[in-house]
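Everything below concerns the one structure shown next.
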Amino acid sequence: MTAPDRDVSYAAAISEHPVTASAVGETAGQILEQTGDGLDLAVLFVTPHHAGALEDAAGAVRAVLRPGTLIGCAAVAVAGNGREVEDGPAVALWAARLAAPVAPLVLHGEETPDGPLVVGWPDASPFEPEAVILVADPFTFPADTFLGRLAADRPGLPVIGGMASGARGPGGSRLVLDDHVMPVGAVGALLGPGSGLTTVVSQGCRPIGDPFVVTKAERNVIYELGGQPPLHRLEHLARRLPEDEVQLVNQGLHLGLVIDEQVSEYHRGDFLIRNVLGADRANGAIAVDALVEVGTTVQFQVRDGASADEDLRLLLTGREADAALLFTCNGRGRNLFDEPDHDTGVLAQSLDGPQVAGFFAAGELGPVGGRNFLHGFTASIALFRRETPV
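Residue numbers (this note's numbering): 7 to 396.
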């Protein structure tokens, strides 16, 4: 291990005060006491109660902490240091002094005759990015287009983040970049070498039955799995499942697509989880929310609170982190788990109390199998360490 040249430090705070100025004052004051000002990166998340005063909130954070880059958004719920505020006002603030350069990023989607296009990626940067933290508007930013373009231009560059969830329609999102609050596009931070960032993407599912190779498909419709209609495969599987498993299938079925077909055995993290949208009883086909190519290996998956809890804990086993940014699905929290504060609680237990802030997203960004995807029902987490391996 080697220590960075700079005094790397992290801090996070959360306030449930209903007055925006007081909530921001509480969180910024706590961070200032721990780290001082002149930080490299600050990340601010507020619930809809505070969204109207987000410009003032961002300005106060900038004035108190003087971060080199400030990003954030309004979200339906926020999290920080063991708390997840799903109802009521809250402000979550996270800040870091890093042993790596940081640069702001602003992206916008444009419609062209050839389809959506993302503009704004810098033509030149003073450093080679090691990771991207991104917060985007779900109504105007074509995340899949951006991730596909980035995979071609910069393969292996991890993108971690989420789609803002604080708006009910186009034009309602509130994205923060430094002194600006924007309703469209995406904002983020490019992190240079030495950031100490690693990623964990917990999709929260477990497989049922056996894996099969797709032998007939067209776009997102699968007609055959191993030479038989998928619905026939599923019905055969259901006859062998216990009743509680059948109930999970009825509540919501998912399909795991193997990312690396060179792997001989498939384990947790080898699948990209996608929803099964429906089935055609006439021909036994199923539709999923992804394009599926013939030759892809797939396996049916189910999700419940126990599976999601196990998945997150296993993925965090053996990890070390001093801080974390959490982008968790707005379908998780008390909608999925029996107890409140689940994801932040698991982070605290598994990582010995890291400095954590995050928000409940309308779609989560993160790498699986070395490729970035837009997910659902996922906890996408950026982990930070003060020391990085040589």
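Each residue gets a CB set at the ideal place from its N, CA and C atoms; glycine is no exception.
4-residue-minimum alpha helix (DSSP H) runs that sit fully inside the stretch 31-66, ordered along the chain: Segments of the alpha helix (DSSP H) lying fully in the stretch 31-66: 54-57.
Tell me the DSSP bridge mates of residue 213? When beta bridges are read from the DSSP output, residue 213 appears opposite 307.
Ends of the alpha helix (DSSP H) at residue 242? Taken as a continuous stretch (DSSP letters only), the alpha helix (DSSP H) holding residue 242 covers 236-244.
Classify residue 69 as helix, strand or coil using the three-state DSSP reduction. Helix.
Look at the alpha carbon of residue 225 and the alpha carbon of residue 268, and state the distance between them as a whole number of angstroms. Each residue's CA atom was taken as its position, placing residue 225 and residue 268 some 23 Å apart.
Which partner residues of residue 361 appear in the DSSP bridge assignment? DSSP output for residue 361 lists 329 as bridge partner(s).
Should residue 78 be labelled buried (16 or more other beta-carbon atoms within 10 Å of its own) or exposed? Per the 10 Å Cβ criterion, buried.
Figure out for me which residue from 382, 262 and 126 has the closest Cα to the Cα of residue 196. Distances from the CA of residue 196 to each of 382, 262 and 126 were compared; the closest alpha carbon is that of 126.
Length of the line joining the Cα atoms of residue 39 and residue 95: Rounded to whole angstroms, the separation of the alpha carbons of residue 95 and residue 39 is 24 Å.
Pull up the CB-CB distance for residue 75 and residue 184, whole angstroms please, since I reckon it's below 8 Å. Between residue 75 and residue 184 the beta-carbon gap is near 7 Å, inside 8 Å, which marks them as a contact.
Inter-residue Cα distance where the pair is residue 257 and residue 272: Spanning the alpha carbons of residue 257 and residue 272 requires a straight line of approximately 25 Å.
Sequence-distant residues of its chain with Cβ nearer than 7 Å to residue 261 (five each side left out): The answer, listed in chain order, is 280, 282, 294, 304, 306 and 307.
Who are the Cβ neighbours of residue 168 in its own chain at under 7 Å, not counting the five residues just before and after it? Hits under 7 Å: 141, 333, 365, 367, 369, 370, 371 and 386.
Selection from 320, 83, 66 and 89 that minimises the alpha carbon distance to residue 359: Looking only at 320, 83, 66 and 89, the smallest Cα-Cα distance to residue 359 is reached by 89.
Distance check for residue 344 and residue 311, CA to CA, integer angstroms please. For the pair residue 311 and residue 344, the Cα-to-Cα distance works out to about 7 Å.
Cβ neighbour criterion (16 or more within 10 Å) applied to residue 164: So residue 164 ends up on the buried side.
Would you report the Cα separation of residue 54 and residue 150, rounded to the nearest angstrom? Computed Cα separation, rounded: 26 Å.
Could you pull the DSSP bridge partners for residue 390 from this structure? The partner list for residue 390 (beta bridge, DSSP) reads 203 and 329.
Rounded to whole angstroms, what's the CA-CA distance from residue 9 to residue 392? Just pull it up for me. Only weak support exists for where residue 9 lies, its pLDDT of 40 falling under 50; the coordinates are left without a value.
How would you label residue 341, buried or exposed, when you count the other beta carbons within 10 angstroms and need 16 or more for buried? By the beta-carbon neighbour count (other beta carbons within 10 angstroms, threshold 16), residue 341 is exposed.
For residue 286, the nearest candidate out of 250, 323, 251 and 240 (CA to CA): Put simply, of 250, 323, 251 and 240 the residue whose alpha carbon is nearest the alpha carbon of residue 286 is 240.
Check whether the Cβ atoms of residue 352 and residue 331 sit closer than 8 Å, and answer yes or no. Not in contact: residue 352 and residue 331 (Cβ atoms no closer than 8 Å).
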